[in-house]
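Notes to accompany the following structure.
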Amino acid sequence: MSTLRGAPKKGFRAPEIIKDIRPLVHEMRLFKSDAEIAVMRKAAKISCEAHKRAMGFAKAGATEYQLEAELHHHYAMNGARHPAYGTIVGSGNNANILHYTENNDVLKSGDLVLIDSGCELEGYAADITRTFPVSGRFSDAQKQVYELVLKAQQAAFEHVKPGGTLVKANQAAMKVMTQGLIQLGILAGDIDTLMENQACKAFYMHGLGHWLGLDVHDVGEYKLDEADRPFESGMVLTIEPGLYFDEDAEVPDKYKGIGIRIEDDLLVTEDGFENLTADAPKTITEIEALMQH
Ligand code: GLY
Ligand code: MN
Ligand code: MN
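Numbering (our numbering), first residue to last: 5 to 297.
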């Protein structure tokens with residue numbers, strides 16, 4: 005620019021308008037082409053297999069970093085040279101530390117492990133969270149919370165279709181969690197008031213999801229003209245509700261130290277969605293079956 009501005013006699017002419025092309029590029033990144041979808045399916049598949057591998061490896065006495073190594077080995081062996089973000093392997097109360105990446109504790113029987121990990125393939129990210137018991141069997145209290153988070157995720161999924169919004173999906177998830185927390189004796193009061201006060205946020209302190217693509221938290225507007233942006237086919241996003249009961253939380257003792265998140269990557273289609281990460285075991289039955297082997 006200064007060269008152009010500095011030499012008018014040479015016939016140079018500097019542009020008068022500088023335009024930020026990011027909004028244009030961000031829109032292009034938000035809507036995936038068939039070629040991009042093919043890569044994202046593959047990144048998701050490799051990441052699902054890696055989660056299965058980590059579940060199969062988990063046992064009392066193993067370490068969080070060994071589970072991380074299992075995941076990263078599987079990524080690298082399948083041509084995904086890097087994780088898409090710092091892998092989280094949080095066992096026991098570590099699952100309640102949202103951005104825990106120390107991954108240096110020993111797994112204990114009776115604890116859950118939360119793994120949030122995905123590979124990057126040809127630039128595209130996968131982002132999966134699964135939570136499972138070290139022993140291979142959920143306790144009754146763990147089951148109750150797990151089923152609740154899973155039900156919340158299902159409720160959110162119903163809004164993932166053209167015309168749905170992330171905000172509506174989140175409201176649906178929060179309603180399920182709030183009702184469940186009342187049943188578990190963790191929240192008390194009238195459902196409408198609790199929803200209005202966002203009471204469940206004490207145990208669900210993050211957003212429901214985000215755009216996914218070249219970045220794990222990908223670019224793209226979440227609002228259009230102040231309104232919540234409706235989903236359109238070709239978008240890819242995560243849906244990742246969670247409930248976290250720290251050791252010090254004011255909840256019945258049996259729930260203390262339980263932290264659960266379930267995260268999948270969804271491609272919005274013409275009439276709903278395709279779950280790109282459906283291959284990672286998710287129901288209690290699927291997880292317990294895999295871990296018996
Ligand atoms: N792994 C980062 C996230 O779930 O948003
Ligand atoms: Mn995510
Ligand atoms: Mn994640």
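Idealized CB from N, CA, C, for every residue including glycine.
{"Asked": "Which stretch, first to last residue, makes up the alpha helix (DSSP H) that contains residue 174?", "Found": "170–187"}
{"Asked": "Give me the residue from 292, 151, 217 with the minimum Cα distance to residue 263.", "Found": "151"}
{"Asked": "So, do the region 215–229 and the region 122–139 have three or more beta carbon pairs nearer to each other than 8 Å?", "Found": "yes"}
{"Asked": "Anyone know if the C-beta pair for residue 232 and residue 169 falls short of 7 Å?", "Found": "yes"}
{"Asked": "Please classify residue 157: is it buried, with 16 or more other beta-carbons within 10 angstroms of its beta-carbon, or exposed?", "Found": "buried"}
{"Asked": "Give the DSSP-derived three-state secondary structure of residue 207 in the structure shown.", "Found": "coil"}
{"Asked": "Can you list, in chain order, the stretches of the beta strand (DSSP E) that have 3 or more residues and sit fully within the region 131–170?", "Found": "132–137"}
{"Asked": "Grouping DSSP H, G and I as helix and E and B as strand, with all else coil, what is residue 112?", "Found": "coil"}
{"Asked": "Going by the beta-carbon positions, is the gap between residue 96 and residue 115 smaller than 7 Å?", "Found": "yes"}
{"Asked": "Using a Cβ-based criterion (distance less than 6 Å to any ligand heavy atom), does residue 135 qualify as near ligand 3?", "Found": "no"}
{"Asked": "In the DSSP assignment, what residue or residues form a beta bridge with residue 26?", "Found": "Looking at the DSSP assignment, residue 26 forms no beta bridge with any residue, so it has no partner."}
{"Asked": "For residue 256, count neighbouring C-beta atoms within 10 Å of its own C-beta (all shown protein chains included) and say buried if the count is 16 or more, exposed if not.", "Found": "exposed"}
{"Asked": "Return the bridge partner residues of residue 279 from the DSSP annotation.", "Found": "270"}
{"Asked": "According to DSSP, is residue 79 part of a helix, a strand, or is it coil?", "Found": "helix"}
{"Asked": "Check this for me: beta carbons of residue 71 and residue 88, under 7 Å apart or not?", "Found": "no"}
{"Asked": "In the structure shown, what three-state DSSP assignment does residue 86 receive?", "Found": "strand"}
{"Asked": "Pop quiz: residue 44 and residue 280 are said to be a contact at Cβ under 8 Å. What is the actual Cβ separation, rounded to whole angstroms?", "Found": "6 Å"}
{"Asked": "Taking DSSP as the reference, what is the three-state secondary structure of residue 36?", "Found": "coil"}
{"Asked": "Does ligand 5 have even one heavy atom less than 6 Å from the beta-carbon of residue 7?", "Found": "As far as ligands go, the structure on display features ligand 1, ligand 2 and ligand 3 and does not contain ligand 5."}
{"Asked": "If you draw a straight line from the alpha carbon of residue 13 to that of residue 24, how long is it in whole angstroms?", "Found": "29 Å"}
{"Asked": "Below 7 Å between beta carbons: does that hold for residue 270 and residue 243?", "Found": "yes"}
{"Asked": "In chain order, what residues of the same chain have a beta carbon less than 6 Å from the beta carbon of residue 234, not counting five sequence neighbours either side?", "Found": "167, 169"}
{"Asked": "Does the region 104–112 come close enough to the region 65–81 to have 3 or more Cβ pairs within less than 8 Å?", "Found": "yes"}
{"Asked": "Helix, strand or coil, according to DSSP, for residue 233 in the structure here?", "Found": "coil"}
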